[in-house]
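Step one of this worksheet: look at the structure below.
Numbering (our numbering), first residue to last: 209 to 826.
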């Protein structure tokens, strides 16, 4: 009892520095708890106990990377722990909660109630948004649906009301659509932007809006972790680092408050896209669609229609010539699947755990099948079968016309994100369990399994769309290895890591299958000889895309290779030698795929809900 009294007295004394300076209120910012790593849960539990005993804290904000892998189990464990907090709290996801989400980013909303927040406290308005990237590896991106919500929320905010904005990423180039976010915020009386992500206490000055990054709650190499106490005074905001049950350190940052802050926030323009597009004036947008949700997949093209999906749960068909919407069907979850079209049927799995089959002509339901758990992968076709691997450890096949389930293969380790490859009599796919599977496409019987042997599941060959030729399957993965596997035996033909060209998850194949294309993290495009029994580079393109980590597949049509970039850029290269033919930037966010109709006419979708038809004049 005496020890507890002494500790509480010390906490009161330590908290007195800010309190004595006319404090309006005080809150805690806890970020990057990473429940799922070795000490994540213990560090979070210690912080919760500390906050429960610390006086003068009005509320707590958790600013993302709540979990390590975004799994349902990790999210539920984090929620159970945070529920022990005896103070009001508000939470947003970070990239670790959304990139590797087996639920397609639905479980965060289900477990915590939402992925955004807005509340008022003592005259201040606090606004938090998701940061992405949702499912697709790339820079951060406030999801399109969050951007729509943010605009409406700011429109309802009085001009003089002080605002604190919270996102997991700082407001700079690490967030793909940061200029759009800044453009909204600068019109309001935003006093502060708070973030995590970098695991350190740091001041960012990329914009005129004060931007403060706070340390991770993880202990790292220390005995205990930590978080920040934020004191809002009448004239300033003070940041102090708190070590749970140990000490509150002297203030490390103090920033002044200003009246009518929006007057201090000049516009920021970025004419990079204009420079790119002006260099290739022969490339024009024939038509464009802007959705209110993200697009996280490629499209299907059939019967004069473009079939696409959104994270608002929509399956839509647009006219191929005009972009006019022909029909729409609503599902119950976010969709990241590329539609499969066959025999006048459209098959689309959704993260609501259902597989939908619609009639191509009018979008009416043909059949719906329930699997019980989210599906974030795309379907593959083998004859009359739609083969779909889910997040529940099952890969299943349905007859496309009738909806009859033909086979069900259980025991898949890790959830599936990719579009499986049907090659010969097999279906091939990787998982976020460091596995790569081959099943009999007609029966679901296991043929073989291959593993990269990595202990870290983030190195899994799960996002790449595999390609195959001459009895060999090609994959690349975040462990930066290119691997070629014998499709009959599952044995490794060769496996190579190039320290100068870090391949990751972006792969493609020539129309004649003789070349395999890969994008490196250094932003280079390489062509490999698929006939060779060993690694053999045919050419490296002179294009320099800069740092690139998006998993978008590479396509070829009529001698032109099409590259989808992580920041809205489409690049066309010569299939002969990789020479640049044209570029066009239509977005600031990740391009899912570039799907050529001809060598000069392509469709491209981006994660911020844009679908464009680009035409390159000869």
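We put the beta carbon where it would ideally sit given N, CA and C, even for glycine.
The model shown is predicted, which means the values in this text are computed figures rather than measured ones.
Residue i in three-state terms, based on DSSP
i	result
residue 673	coil
residue 688	coil
residue 799	strand
residue 445	strand
residue 256	helix
residue 304	helix
residue 354	helix
residue 700	strand
residue 335	strand
residue 655	strand
residue 438	strand
residue 821	strand
residue 810	strand
residue 646	strand
residue 271	strand
residue 246	coil
residue 522	strand
residue 566	strand
residue 667	helix
residue 289	helix
residue 316	helix
residue 680	strand
residue 556	strand
residue 282	helix
residue 505	coil
residue 484	helix
Selected residue, minimal CA-CA separation from residue i, among the options
i	options	result
residue 659	651, 678, 636	636
residue 235	602, 372, 319	372
residue 603	663, 644, 465, 515	644
residue 597	680, 352, 622	622
residue 559	574, 599, 524, 533	599
residue 799	807, 382, 366, 770	770
residue 424	286, 248, 632	248
residue 483	810, 811, 792	792
residue 795	646, 380, 777	777
residue 549	580, 525, 694, 614	525
residue 728	690, 305, 630	690
residue 632	649, 820, 369	649
residue 735	741, 748, 742, 348	748
residue 543	530, 565, 519	519
residue 708	731, 397, 495	731
residue 812	322, 503, 445	503
Spatial neighbours of residue i in its chain, beta-carbon cut-off 7 Å, leaving aside the 5 residues before and after
i	result
residue 420	400, 402, 411, 447, 461
residue 330	232, 233
residue 265	234, 235, 236, 259, 295
residue 718	764, 783
residue 327	298, 334
residue 218	With a pLDDT of 39 at residue 218, under the threshold of 50, the modelled position of that residue is not reliable, and the figure given next carries that caveat. Correct list: empty, nothing qualifies.
residue 380	386, 412, 414
residue 686	666, 667, 712, 713
residue 653	647
residue 320	287, 299
Supposed close pair residue i, residue j - CB separation, criterion 8 Å
i	j	result
residue 786	residue 750	7 Å
residue 350	residue 303	Actually they are not in contact, since the Cβ atoms of residue 350 and residue 303 sit about 12 Å apart, beyond 8 Å.
residue 539	residue 505	The pair is not a contact, with the Cβ atoms about 13 Å apart (cut-off 8 Å).
residue 588	residue 628	4 Å
residue 387	residue 478	6 Å
residue 571	residue 537	5 Å
residue 672	residue 759	6 Å
residue 552	residue 568	5 Å
residue 272	residue 404	5 Å
residue 576	residue 818	About 29 Å separates the two Cβ atoms, so there is no contact after all.
residue 343	residue 307	7 Å
residue 803	residue 509	7 Å
residue 280	residue 311	6 Å
residue 678	residue 739	6 Å
residue 422	residue 239	5 Å
Same chain, Cβ closer than 6 Å to residue i, five either side skipped, listed in chain order
i	result
residue 298	269, 325
residue 682	675, 692, 724
residue 315	280, 283
Same chain, Cβ closer than 8 Å to residue i, neighbours up to 5 away in sequence not counted
i	result
residue 224	Only weak support is given to the placement of residue 224: the predicted model assigns it a pLDDT of 47, under 50, and the value that follows is read from those uncertain coordinates. The answer is none, since no qualifying residue turns up.
residue 227	Its pLDDT being 49, under 50, residue 227 is placed unreliably by the model, and the measurement read from it follows with that caveat. Closer than 8 Å at the Cβ level, and outside the excluded window around residue 227, lie 234, 264, 439.
residue 475	391, 394
**Runs of beta strand (DSSP E) wholly within the segment 568-641 (minimum 3 residues, chain order)** = 573-578, 588-590, 593-597, 603-607, 613-617, 629-631, 634-638
**Request:** Could you pull out every unbroken beta strand (DSSP E) segment of at least 3 residues lying fully inside the segment 722-757, listed in chain order?
**Result:** Secondary structure within the segment 722-757: the beta strand (DSSP E) runs of 3 or more consecutive residues, fully enclosed, are 723-728, 733-737, 745-748 (chain order).
**Message:** Restricting to runs no shorter than 4 residues, where is the alpha helix (DSSP H) found entirely within the segment 344-425?
**Reply:** 352-363, 386-393
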